[in-house]
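K.L.:
Next up is a structure, given as structure tokens.
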Amino acid sequence: MTKGDFSSLVSSIQAVASPFRQYLNDLHDKYQGAMDGTVADYIPELALADPNWFGICVVTQAGQMFEVGDCDQLFTIQSISKAFVYGLALEDHGRDYVNSKVSVEPTGEAFNAIVLDEVTNRPYNPMVNAGAIATADLIKGDSATERLKRMLAMFKRYTGRDVDVNVPVFLSEKSTGFRNRAIAYLMLNFGMVTDRVDETLDLYFQQCSIMVNAKDLAMMAATLANGGVNPVTGERALDEHYVQDVISVMLTCGMYDYSGEWVYRVGLPAKSGVGGGITALAPGKLGIGTFSPPLDAKGNSYRGIQVCSDLSRDFGLHLFNVAEAEYKLDDWLTGNGADSW
Ligand code: GLN
702 MTKGDFSSLV SSIQAVASPF RQYLNDLHDK YQGAMDGTVA DYIPELALAD PNWFGICVVT
762 QAGQMFEVGD CDQLFTIQSI SKAFVYGLAL EDHGRDYVNS KVSVEPTGEA FNAIVLDEVT
822 NRPYNPMVNA GAIATADLIK GDSATERLKR MLAMFKRYTG RDVDVNVPVF LSEKSTGFRN
882 RAIAYLMLNF GMVTDRVDET LDLYFQQCSI MVNAKDLAMM AATLANGGVN PVTGERALDE
942 HYVQDVISVM LTCGMYDYSG EWVYRVGLPA KSGVGGGITA LAPGKLGIGT FSPPLDAKGN
1002 SYRGIQVCSD LSRDFGLHLF NVAEAEYKLD DWLTGNGADS W
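Residue numbers for the sequence shown follow our numbering, so the first one is 702 and each next one is one higher.
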């Protein structure tokens, strides 16, 4: 046996032996057979998703990664993009101006509700479509291409790799997005968005159509958990002053009209998308990325919710948890069992 063979044998034994890795394998086994939920089918590209796809990835604040299942499978980020674009809008304009265009109040209504604040005419928050379109409008750039480029560069800082728009999905979103168009024009009527409204709608449809995988989602969450700095590349993705803004809105509004119950049960800032992804974080500890296309009635990934609930409960990750956790994260992470990038 050569030295190289020996060290790869050692690391594969360590990989199997890592208690946290084993925990995630068991979690994956536990929910792989759950057949609840239905795959989004409002555009043909999403309906093609395999309901069995299921990936779980965790990235720690120190940049260790653990993955199980379909973590390389690419899918569209959809609404998960909204949280990160909100961060870019804050960097572009500062808190006061952004707040004058988009509120931070949960709606209790579906993500595509056509509803604005009756007094201020602002959309309720950046995680519902109205607020996300108003947020996309705030992204600076001299041209449509420039604005998209700035968004893609921002996502790259979080994921640590180049990301791109899935053009067929974008074109489908654009050609069927009448409701989003109605919302945007209503906001134009109230002066909540500028008159480059068609360009902004394209930008919104493009941001929803960016391709990511579960590893990217875990990395993005870990970057927020790490104060806005990607724990692997060391690059800052978001100005430290705005990290708490983004995380707060994820906590109160990130899971559509399930947000209240989510905070109660899971207690982690998170964002879901109809592509089947969920990104969730335990600030100062880790980021979670899950991918499983079947969605529950509110549009959240069914298996993703179960996985995050179990992780939160078992490791005491709930933000307001003051009881002793069943498993101590630090004990479970010891051993050099992380996957390599
Ligand atoms: N593209 C979808 C829309 O705007 C995104 C929805 C989502 O993930 N909730 O309707």
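By construction, the Cβ of each residue, glycine as well, lies at the ideal position given by its N, Cα and C atoms.
Which residue or residues does DSSP assign as beta-bridge partners of residue 760?
P.N.:
Looking at the DSSP assignment, residue 760 forms a beta bridge with 766 and 988.
K.L.:
Could you pull out every unbroken alpha helix (DSSP H) segment of at least 4 residues lying fully inside the stretch 925-968, listed in chain order?
P.N.:
The stretch 925-968 contains these whole alpha helix (DSSP H) runs: 941-954 and 960-966.
K.L.:
Please report the distance separating the alpha-carbon of residue 732 from that of residue 827.
P.N.:
Rounded to the nearest angstrom, the two C-alpha atoms are 31 Å apart.
K.L.:
Distance check for residue 983 and residue 944, CA to CA, integer angstroms please.
P.N.:
Those two C-alpha atoms are separated by around 13 Å.
K.L.:
Taking the CB atoms as reference points, tell me whether residue 884 and residue 927 lie closer together than 7 Å.
P.N.:
It is not a contact, given that the beta carbons lie outside the stated cut-off.
K.L.:
Alpha carbon to alpha carbon, how far is residue 748 from residue 763?
P.N.:
Roughly 37 Å between the two C-alpha positions.
K.L.:
Quick check on the contact list: which residues have their beta carbon closer than 6 Å to a heavy atom of the ligand GLN?
P.N.:
With the cut-off at 6 Å, the residues found are 779, 780, 812, 813, 830, 874, 881, 909, 974, 975 and 1000.
K.L.:
For residue 786 and residue 725, which I take to be in contact (beta-carbon distance under 8 Å), what is that distance rounded to the nearest angstrom?
P.N.:
29 Å between Cβ atoms; not a contact.
K.L.:
Suppose you measure from the CA of residue 1025 to the CA of residue 1017; what does that come to, to the nearest Å?
P.N.:
Their backbone Cα atoms lie some 7 Å apart in a straight line.
K.L.:
Use the C-beta contact count for residue 1029: other C-beta atoms within 10 angstroms, 16 or more gives buried, fewer gives exposed.
P.N.:
Answer is exposed; the Cβ neighbour count stays below 16.
K.L.:
List the endpoints of the continuous alpha helix (DSSP H) containing residue 788.
P.N.:
Run containing residue 788: 781-794, per the alpha helix (DSSP H) assignment.
K.L.:
Give the DSSP-derived three-state secondary structure of residue 1002 in the structure shown.
P.N.:
Correct three-state label for residue 1002: strand.
K.L.:
Please check the pair residue 951 and residue 932, which I expect to be a contact at CB under 8 Å, by giving their CB distance rounded to whole angstroms.
P.N.:
18 Å between Cβ atoms; not a contact.
K.L.:
Could you give the DSSP three-state label for residue 972: helix, strand or coil?
P.N.:
If DSSP states are grouped into helix, strand and coil, residue 972 belongs with the strands.
K.L.:
Out of 882, 848 and 985, state which residue places its alpha-carbon closest to the alpha-carbon of residue 923.
P.N.:
Out of 882, 848 and 985, 985 has the C-alpha closest to the C-alpha of residue 923.
K.L.:
I'd like to know whether the C-beta atoms of residue 1023 and residue 757 end up nearer to each other than 7 Å.
P.N.:
Not in contact: residue 1023 and residue 757 (Cβ atoms no closer than 7 Å).
K.L.:
Touch check for the stretch 847-862 and the stretch 901-921: three-plus C-beta pairs under 8 Å?
P.N.:
The stretch 847-862 vs the stretch 901-921: in contact.
K.L.:
Quickly, what does DSSP pair residue 749 with across the bridge? List them, please.
P.N.:
In DSSP, residue 749 forms no bridge with anything.
K.L.:
Excluding the 5 residues flanking residue 967 on each side, which residues of the same chain have their C-beta closer than 6 Å to its C-beta?
P.N.:
Contacts found: 1009, 1010 and 1013.
K.L.:
Of the residues 979, 992 and 1033, which one's Cα is nearest the Cα of residue 783?
P.N.:
The residue with the shortest Cα to Cα distance from residue 783 is 979.
K.L.:
Residues in the same chain with beta-carbon distance under 6 Å from residue 1050, minus the five sequence neighbours each way, listed in chain order, please.
P.N.:
Look at the range of the chain in this structure, 702 to 1042, and you will see that residue 1050 is not part of it.
K.L.:
Whose CA, out of 907, 737, 887 and 809, lies closest to the CA of residue 781?
P.N.:
With distances taken between Cα atoms, residue 781 lies closest to 907.
K.L.:
Is the distance from the Cβ of residue 824 to the Cβ of residue 954 below 7 Å?
P.N.:
It is not a contact, given that the beta carbons lie outside the stated cut-off.
K.L.:
Does residue 921 come out as helix, strand or coil in the three-state DSSP assignment?
P.N.:
Helix at residue 921.
K.L.:
Taking the alpha-carbon positions, what's the residue 890 to residue 911 distance?
P.N.:
Cα to Cα, the separation comes out at about 29 Å.
K.L.:
Go ahead and label residue 736 buried or exposed: buried means 16 or more other beta carbons lie within 10 angstroms of its beta carbon, across all protein chains shown.
P.N.:
It counts as exposed.
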